[in-house]
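The next block holds one structure in the form of C-alpha cells; read it before the comments.
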Amino acid sequence: MKVIVIGGSHGGIATIDALIDKYKYLDVLWFDKGNFTINNSLDSQKSKTKIEELKSKGVTVFQETEVISLNTESKTITIKDLKNNKVFYENYDKLILSPGSHPKTVDLPGADAKNVVTMANRKDLLKVRQASDNDKINDVVIVGAGYNGVGAVNMFINKNVSLIDHNEFSLSSYLDNELAEKIEDKMKERNVNLEMNNSIIEIIKNDENEVIAIKTKDKILSADFVILTIGIEPNTKWLKNTLDLTENGYIKVNDYMETNVKDVFAVGDATLTKFNPLNKNIKIGLATKARRQAYCAVMNLENKNIPFFGVQGSSGLRLFGYKFASTGLNEKQAKKENLNYNSVYIEETKLDNNFVVKNTLSKDNPLIYFKILYNVDTYQILGAQIMSSNDETANINAMSIAIQNQYTITQLAFADFFFQPEFSKPLNFMNRAGISAMKKEGIL
Ligand SMILES: Cc1cc2nc3c(=O)[nH]c(=O)nc-3n(C[C@H](O)[C@H](O)[C@H](O)COP(=O)(O)OP(=O)(O)OC[C@H]3O[C@@H](n4cnc5c(N)ncnc54)[C@H](O)[C@@H]3O)c2cc1C
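If you use full-length UniProt numbering, the sequence shown corresponds to residues 1 to 444, in order.
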C-alpha cells in the first residue's frame, strides 16, 4: 500500500508516527513545501539523521515541494519542486492531507507596508522576536486580542503597545470577563493601550513603504511595527473543485477522517472538527486535535475501525504571572448559539488554611479562579475556565473529559477527586462548583 502524506507539521508528523506505529512495512512519500528542519525544530545535522532514519523505515521525505493539484480519478498528485521549479507526479493508494492554515491578512489600504507581519509559524515568530529586541522599534500595534495577540503584547511589554480587537475584551474566545479582566488589569498596569470594541480601517505608510500609523474607527495610533493576529484560513485553494470544502475552504471529513473522495483522508487545521459541546463540526486550530486526528486517520486507513471522539477545544497559556486554561464553551459562544445556559464562578484558595499553617512545606496558598457553564435544561456541563498564579491548568483536562462524557453539574459535585493537604482541599473546587450550580438550580 503506497501512502502519500501532505504537510510536515503537527498533522503530518503525527500521521507518520502513527503509520510507523501501526505498520511494519511502509511505502510512504511525505511532502512539505517548507523545511523539515524548521517544522521539526531540529538542527540541520539532527534533521539529516532523522530523514535517514525515516528512509530506513520506508518513509521518503520531500522538502520544499509544493503539491499543486490532486486528480482523484487517476489517484495522482502533481508536485512542484520549489528548488528548481520542476513538476513531477506521484500516484497513491491512500492519501492523507494535513495542509494546515495560514494567517488571515487584512484587505485594507497600506496592508503591504513594511513591518506589518502576521504570526503563523516559527519563521514569523523569529521576525517578531527580532523586532522586540530592536531599539528602533518603539510603537507597536497588535491587531487581534486572542492567544497570539495577547502573547505578543507580553513580548513587547517594554515598548508602547496598543492592542486592538473588535470584541468587548481580550481573550474573549477563551475566557469570560471575570477571568479576562484580570489579564487586562495586568496589561493596563504595564501601560498597554487597550482598544477593545475597535477595529483597524487603514495602515498608514510613508514614501519608503514603512508603516507609520494605524487608523482605527475613531483614532490614529503611531506605529512602527504592526502584528496582525486575526485568525487563520485553510491552505486548500488547490483542492477547490476536487474535494468537498466549506464556503471558507475547510475540508469536510467524516468521523473516520475520510473526505468525500474514497481513499483521501484529511486532518488538522484545514478540516472541520466535531466539537462535542455543540455536537457539530466547527473550525478549531489546535496542534492537539491535529495530532489525534492523524492517529484516527491511520487507524481507519483500510477499514472503519475507530471514530474520532471529537474535541472540546481545550487550550491554555501563561501570561503576566497567571496560568489559565479553558475547555468547551464560554459565554460569548453560548450566547451566539442561543443556548439556555447558566454559570457558576468561584474564587477560593488552593489549600485549606487549617492544613497550610501546620504544614511548613505549603507556604504558598494562591487563589484559584474557576468558572463553569452548564445547560439549564439538561444540567450538562458546557464549558470551564480556570486561572491562578499557581499552575492549576491541568485541572481543565478533567473538565474536558467531563464535557466529552456529558457530565451534569450533579455528577461534577460528586466526582471523585483526591485530597492531600499540600496539593488540594478535602472538597475539591470542582466539586464545590458543581454544588454551587446545584444550589443555583434548586436541586440542593
Ligand atoms: C504562534 C502559535 C502558537 C501556537 N500554540 C499552540 C499551542 O500551544 N497548542 C496548540 O494546541 N496549538 C497551538 N497552535 C496551533 C497549532 O500550531 C496548529 O493547530 C497546528 O500547527 C496545525 O497543524 P497542521 O498540521 O494542521 O497544519 P500547519 O501547522 O499549518 O502545517 C501545514 C503544513 O503543510 C504544508 N503545506 C501546506 N500546503 C501544502 C502543499 N500544497 N504542498 C506541500 N506542503 C504543504 C505547510 O508548509 C506546513 O508545513 C499555535 C499556533 C501559532 C501560530
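Ideal Cβ placement from N, Cα and C applies to all residues, glycine included.
So what's residue i in DSSP terms, helix, strand or just coil?
i, result
"Q380", "strand"
"I204", "strand"
"V128", "helix"
"E302", "coil"
"I443", "coil"
"E52", "helix"
"E210", "strand"
"Y174", "coil"
"N85", "coil"
"A266", "strand"
"G100", "coil"
"R291", "helix"
"Y147", "helix"
"K136", "coil"
"F36", "helix"
"residue 473", "The requested residue 473 does not occur in the structure, where the chain is confined to residues 1 to 444."
"V228", "What sits at residue 228 in the sequence shown is Leu, not Val. The answer is strand: DSSP assigns L228 an E or B state."
"R318", "strand"
"G313", "coil"
"G110", "coil"
"E73", "coil"
"D185", "helix"
Please go through the same chain and pick out, in chain order, the residues whose beta-carbon is closer than 7 Å to the beta-carbon of residue i, but skip the five residues on each side of it.
i, result
"T72", "T242, V261, V264"
"D269", "G100, S101, I232, P234, G285, A290"
"A297", "T15, I96, M257, F265, V267"
Shorter than 6 Å, the distance from the beta carbon of residue i to the closest heavy atom of ligand 1, or not?
i, result
"I6", "yes"
"H10", "yes"
"V67", "yes"
"L29", "no"
"A18", "no"
"G310", "no"
"N241", "no"
"L54", "no"
"K33", "yes"
"T259", "no"
"T288", "yes"
Please go through the same chain and pick out, in chain order, the residues whose beta-carbon is closer than 8 Å to the beta-carbon of residue i, but skip the five residues on each side of it.
i, result
"L125", "M119"
"S41", "R122"
"S47", "F36, T37, N40"
"L339", "L329, N375, L382"
"D112", "N209"
"G321", "K186, S389"
Since residue i and residue j are thought to touch, with beta carbons under 8 Å apart, how far apart are those beta carbons, to the nearest angstrom?
i, j, result
"Y174", "S315", "7 Å"
"T408", "Q380", "6 Å"
"L329", "P366", "Not quite, the Cβ-Cβ distance comes to about 26 Å (not below 8 Å), so this is no contact."
"E202", "K114", "16 Å between Cβ atoms; not a contact."
"M430", "F417", "6 Å"
"V117", "V128", "7 Å"
"E195", "L163", "7 Å"
Starting from the C-beta of residue i, find all residues in its chain whose C-beta is less than 6 Å away, skip the five residues before and the five after it, and write them out in chain order.
i, result
"Y345", "E178, K371"
"Y92", "K2, I4, K75"
"I10", "In the sequence on display, residue 10 carries His and not Ile. Result list for H10: A287, A290, R291, in chain order."
"K80", "E66, I68, V87"
"K159", "N138, V140"
Inset, instruction - With a floor of 3 residues, list each beta strand (DSSP E) that falls wholly inside the stretch 333-373, ordered by position along the chain. - result: 341-349
Legend entry - Complete beta strand (DSSP E) runs within the stretch 381-426 (minimum length 3 residues, chain order): 381-388
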